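In my numbering, the protein residues as written are 129 to 383.
Okay, structure first, notes after.
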Amino acid sequence: MADFIEGLDSFLLNNLRAWLGEAVTAGKSRATLARRTAAVKAFSKWAVKNSYLDSDEAARLVSPKVTRALPKVLGEEQAGRFVGNAGSATETEFLRDSAILELLYATGMRVAELCGLDVKDIDQKRQMVRVLGKGNKERVIPFGSAALTALEHWLKVRTEIAKDSDALFVGIRGQRIDARQVRRIVDKASQITGTEHLSPHSLRHTAATHLLDGGADLRQVQEMLGHSSMQTTQIYTHVSNKRLLEAFKNAHPRA
């Protein structure tokens, strides 16, 4: 930026456009350009408000539209194989990791939410889990029989390594697991099943898409995922519609 703008006197629209143009020539992505444009606009607005600039030149910059990529999801059979193949070194870790994978897929919860779970948050009888989400908003999510069975098996051995911890999922030393450990668990399952590298968030995407494929209402999925905006949940309808179109093309004689 210093090549185009040496000080506030040169903070002019043409110079800003030249700076962004260089980024385009350098092959920067639309997302990068959008971030830079937003940052410059925010600074310019602040500088005018505080009398460092006379006019808001950056307000006339046009931010490039960023197309949001559709999330990667697993098919139903793929997901079943994936969550059933925890690659763990010991039986205790295997039972823990299986419960983690099953619960992520069953509920679509975020990794941070899973790591923050305590044993008391699980209601085995009602098959519900209480989650503390973004903004400290609490919600209750149902889970199915596969996740329940995996949790029951894990809870039987959990006390062997978590005698002084309330955490539902703990490491081999008895401490609450973190997001990095969960990512490693997902990575191992990816390697074992030969699945293209997935993140824990991919299981969240997969859970949401399979719910919509199965006929769940968009509002219900929004509540389950803890989205504050319906617009965020809406992206999964595009994934579901894309899968429906692919199924039509593969199965219908007049596709």
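The beta-carbon is built from N, C-alpha and C at its ideal position, and this holds for glycine as well.
Since the structure is predicted, the reported quantities are computational estimates derived from the model, not experimental observations.
Taking the CA atoms as reference points, residue 355 sits about 11 Å from residue 238. Counting only runs of 4+ residues, the alpha helix (DSSP H) found wholly inside the segment 248–323 occupies 273–286, 307–321, in chain order. In its chain, beyond the 5 residues on either side, 243 have a beta carbon closer than 7 Å to the beta carbon of residue 306. DSSP places residue 246 in the strand class (E or B) of the three-state scheme. When DSSP states are grouped into helix, strand and coil, residue 220 belongs to the helix group. When the Cα atoms are used, residue 350 and residue 286 turn out to be separated by approximately 32 Å.
By the Cβ neighbour-count rule, residue 352 is buried, with 16 or more other Cβ atoms within 10 Å of its own.
Residue range 141–153 is occupied by the alpha helix (DSSP H) that includes residue 149. Annotation for residue 192: no alpha helix (DSSP H) segment contains it, and DSSP assigns it neither H nor E. Put simply, the backbone Cα of residue 302 is about 19 Å away from that of residue 250. Scanning its chain for C-beta atoms nearer than 6 Å, with the 5 sequence neighbours on each side dropped, one finds around residue 316 the residues 215, in chain order. Annotation for residue 352: the continuous alpha helix (DSSP H) segment containing it runs 346–353.
Between residue 230 and residue 211 a beta carbon distance of about 5 Å is seen, short of the 8 Å cut, so the two are scored as contacting. In this structure, residue 269 and residue 235 form a Cβ contact; the two beta carbons are roughly 4 Å apart against a cut-off of 8 Å. Assigned with DSSP and collapsed to three states, residue 180 falls in coil, not helix or strand. Between the segment 167–185 and the segment 137–156 there are three or more inter-stretch CB-CB distances shorter than 8 Å, so the stretches are counted as touching.
Looking from the CA of residue 281, the closest CA among 266, 291, 297, 323 belongs to 297. No residue range can be given for residue 214, since it is assigned to no alpha helix (DSSP H) and is classified by DSSP as neither H nor E. Put simply, the backbone Cα of residue 326 is about 9 Å away from that of residue 311.
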